[in-house]
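Participant:
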Amino acid sequence: MPVIPPITDVASLKSHPALASLLGWNSGVVQAVRFDREELTIWVEKDAIREACAILRDARDCPFNYLCDVTAVDWYPLEPRFEVVYHLLSISAKERVRVKTRLNGSSPALESVTSVWPSANFYEREVFDLFGVRFTGHPNLKRIMMPDDWEGHPLRKDYPVEGYR
Amino acid sequence: MPQLPASFVEPGQDGTLILNMGPQHPSTHGVLRVVMEIEGETIVRLRPEIGYLHTGIEKTCEAKFYQQVVPLTDRIDYLCPMTNNLCYCLAVEKLLGLEIPPKAQWIRVLMNELTRINSHLVWLGTHAMDLGAMTVLLYCFREREEILRFYEMVSGQRMMSSYFRIGGLALEPPPGFFEKVKKFADGFPAKVDEYENLLTGNPIFKMRTKGIARLSAEDAIAFGACGPTLRGSGVDIDLRRDAPYSGYENFKFNVPVRTEGDVFARYVCRVQELRESIGIVQQALAGMPEGPIKADAPKVVLPDREKMKTQMEALIYHFKIITEGFAVPAGEVYQAVESPRGEMGYYVVSDGTAKPYRVHMRGPSFANLQTVAKMCEGQLIADVVAAIGSIDIVLGDCDR
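Sequence order for the protein chains is A and B. Just so you know, the numbering used here puts the end of the first sequence at 165, numbered straight through with nothing missing. Just so you know, the numbering used here puts the end of the second sequence at 400, numbered straight through with nothing missing.
#1: For the beta strand (DSSP E) containing isoleucine 237 of chain B, name the first residue and the last one.
#2: Name the chain A residues that come within less than 9 Å of glutamine 24 of chain B, Cβ to Cβ?
#3: If you count every other CB in all the chains shown that lies within 10 Å of the CB of phenylalanine 319 of chain B, and 16 or more means buried, which is it?
#4: Using a C-beta to C-beta distance shorter than 8 Å, which residues of chain B count as neighbours of phenylalanine 135 of chain A?
#5: Given phenylalanine 412 of chain B, which residues of its chain have a CB within under 6 Å of its CB, disregarding the five upstream and five downstream residues?
#6: Counting beta carbon pairs with one atom in the region 361-369 of chain B and one in the region 95-103 of chain A, are three or more of them shorter than 8 Å?
#7: Contact criterion: CB-CB distance below 8 Å. Does isoleucine 144 of chain A meet it with respect to chain B?
#8: State the Cα-Cα distance for the pair leucine 19 of chain A and glutamate 113 of chain B, rounded to the nearest angstrom.
#9: Can you tell me where the alpha helix (DSSP H) with tyrosine 123 of chain A in it begins and where it stops?
#10: Do threonine 28 of chain B and cysteine 80 of chain B have their C-beta atoms closer together than 8 Å?
#11: Using a Cβ-Cβ distance under 8 Å, would leucine 155 of chain A count as near chain B?
#12: Within 8 Å (strictly less), CB to CB, does arginine 214 of chain B reach chain A?
#13: Any C-beta of chain A sitting closer than 8 Å to the C-beta of lysine 94 of chain B?
#14: Kindly list, in the order they appear in chain B, the residues whose Cβ is closer than 7 Å to that of proline 118 of chain A.
#15: Could you check what DSSP says for valine 384 of chain B in three-state terms: helix, strand or coil?
#16: Whose C-beta lies closer than 8 Å to the C-beta of aspartate 351 of chain B among residues of the same chain, with five residues either side of it excluded?
#17: In the DSSP assignment, what residue or residues form a beta bridge with valine 84 of chain A?
#18: Can you give me, in chain order, the residues of the region 225-245 of chain B that have a beta carbon less than 7 Å from any beta carbon in chain A?
#19: Closer than 6 Å by C-beta to histidine 16 of chain A: which residues in its own chain qualify, once you throw out the five before and the five after it? Chain order, please.
#20: Taking only the alpha-carbon atoms, compute the straight-line gap between leucine 130 of chain A and glutamate 151 of chain A and give it to the nearest angstrom.
#21: Under a three-way DSSP split, which group does leucine 124 of chain B fall into?
#22: Alpha carbon to alpha carbon, how far is valine 154 of chain B from proline 173 of chain B?
#23: Tell me the residue span of the alpha helix (DSSP H) that contains arginine 266 of chain B.
#24: Taking Cβ-Cβ distances shorter than 8 Å, what residues in chain A pair up with glycine 56 of chain B?
#25: So is tyrosine 164 of chain A buried or exposed if we call it buried at 16+ other beta carbons inside 10 Å?
#26: The region 36-60 of chain A: which residues have C-beta closer than 7 Å to a C-beta of chain B, in chain order?
#27: State the Cα-Cα distance for the pair tyrosine 346 of chain B and aspartate 242 of chain B, rounded to the nearest angstrom.
#28: Helix or strand or just coil, what does DSSP make of isoleucine 91 of chain A?
#29: In the DSSP assignment, find the unbroken beta strand (DSSP E) run with threonine 136 of chain A in it and report its ends.
#30: Beta-carbon within less than 8 Å of leucine 239 of chain B's beta-carbon, same chain only, minus the 5 sequence neighbours each way: which residues are those?
#31: Determine, using beta-carbon pairs with one atom in the region 182-192 of chain B and one in the region 271-290 of chain B, whether at least three such pairs fall under 8 Å.
#32: List the residues that DSSP assigns as beta-bridge partners of alanine 109 of chain A.
#33: I need the boundaries of the beta strand (DSSP E) containing asparagine 20 of chain B, first residue and last residue.
#34: What does histidine 138 of chain A touch in chain B if you count any residue whose Cβ is under 7 Å from its own?
#35: Can you find the residues in the same chain that come closer than 7 Å, C-beta to C-beta, to threonine 42 of chain B, ignoring five residues on each side of it along the sequence?
#36: With DSSP collapsed to three states, give me the class of phenylalanine 64 of chain A.
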């Protein structure tokens, strides 16, 4: 498990708009919730990530319509190894939420959210390039930072800081 | 003969032509490559290609102590080093739960707004030059030089200042610093009038910018625009006002918003921001509190040199911080600040050791660059230069 233990006390955080709209849609997809340092994190089932993002974007009272960031964290050698992290912002309600999903180390793949936010295009390419997480349904999943013929994914923890020589 | 990469020679469809611009092109503001599919002079599709400046800063951060990351953050967005410093320091301070003394906060705001002016001046000069107005660049760099001197006064460096440290500031500003800034701030609004005289009513400038590279509010949000690009499309958001950090709630300022969504609207937003920023600088100077410039946290903040020479404890703390760093409680934070280009975010994950487990920078240039493809569709080739200039990208921030 990742170093930060998730708190699964969903009941006490139910009133947060992001959690409320996810629970109202399908309470089965919320794996864990944590409120820490004024920031809410929701762990979402991996297969439901695109739909969960669409629900959050279209929520009536607090639409999280702006995708700030997509990135990942590698918890090597623990399993599930990867956490893909989405930071969402509601421009009208000035609320933020962090949505996370966990992936196994062997051929990690996830549904792309480019159909929800076109802006996810570059971010997902970056995660694919530097972590080797594949996004299914992405229109142009190519390396973005590293050269096209690069081998390995530099931000993985088993990739040496000095690179391979 | 070496083979060209496939992307250089791919044919266009239906009689269109592929035209390559950059990565060595003066108006791409660095090393941006733009691949355009054109039909006559009209853009059918446009694809920005980045990564030429990728230096793996995020990977490097994972091998450094927390305090050693500060100089790396300068080098990400080299036109607003202090904003990067601030964002990283705020993120780590949030993880540590540190209280920053008011004077340090106010100097941070002061320097941050000077940084915004500095960055906007470079943008204004180069943007005008892209559109054929050479003089503005010389005017802007005249004022920018003064701000770089302020940088030098406080930190000894003109660009890579690393002036903000975790827990406060590196040094007390030298005597006479505030008076010099005051003199600059008093004279600056007249300088903005000078720039506006050259551009705002200029018919050539207006023809090159009005109605060019339009972006609707919906598209701006969907494609992830931020900062003046988003505000130029009529979305009223500014993190200094909406999610105040570092004491911004104590300052009064307006957020310029335009609804046209074209190059001219973004120009107006930024020029208005110059005036608002100088207002914040004036307020910061007028209300500068007294007190320490570093938090009271001996295990995190380096002690004064004087104390080190007389006090055993201070010497030990200094030795410990330099050799072992300081442990940061496990957790994760996403700290966002309003940089001159838009929302700059630092996502810092700690596993409880003295080195960050993961540092991710959400660069505003990276986000804004995606909108270029949308805003250039159906425009002329000559307007691509105006569109790229209007989103004010820094490739160091894009590629990291």
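A virtual CB, placed ideally from N, CA and C, is assigned to each residue, including glycine.
Facilitator: On the basis of the supplied data:
#1: Isoleucine 237 of chain B -> no beta strand (DSSP E), and no H or E assigned at all.
#2: Near glutamine 24 of chain B there are no residues of chain A at all, since even the closest Cβ is about 17 Å away, more than 9 Å.
#3: exposed
#4: The contacting residues do not exist; phenylalanine 135 of chain A stays about 16 Å from chain B at best.
#5: What the structure shows of chain B is the stretch from 1 to 400, and residue 412 of chain B is not part of that stretch, so it cannot be assessed.
#6: no
#7: yes
#8: 36 Å
#9: 120-131
#10: no
#11: yes
#12: no
#13: yes
#14: For proline 118 of chain A, the chain B residues whose C-beta falls within less than 7 Å of its own C-beta are Ala222 and Phe223, listed in chain order.
#15: helix
#16: Ala330 and Tyr357
#17: Valine 84 of chain A pairs with A:Ala72 and A:Thr101.
#18: Val235, Ile237, Asp242 and Ala243
#19: Leu40
#20: 11 Å
#21: Assignment of leucine 124 of chain B by DSSP, reduced to helix, strand and coil, places it in the helix class.
#22: Near 5 Å, if we compare the C-alpha coordinates of proline 173 of chain B and valine 154 of chain B.
#23: 263-286 is the span of the alpha helix (DSSP H), which, as asked, contains arginine 266 of chain B.
#24: Pro154, listed in chain order.
#25: Label assigned to tyrosine 164 of chain A: exposed.
#26: If the cut-off is 7 Å between Cβ atoms, the region 36-60 of chain A has Asp36, Arg37 and Glu39 near chain B.
#27: 18 Å
#28: It is coil, neither helix nor strand.
#29: 134-136
#30: Tyr245, Ala336, Val337, Glu338 and Glu343
#31: yes
#32: A:Arg134
#33: First-last of the beta strand (DSSP E) with asparagine 20 of chain B: 17-21.
#34: The contacting residues do not exist; histidine 138 of chain A stays about 14 Å from chain B at best.
#35: Gly378 and Leu380
#36: Residue state for phenylalanine 64 of chain A is assigned as coil, using DSSP reduced to three classes.
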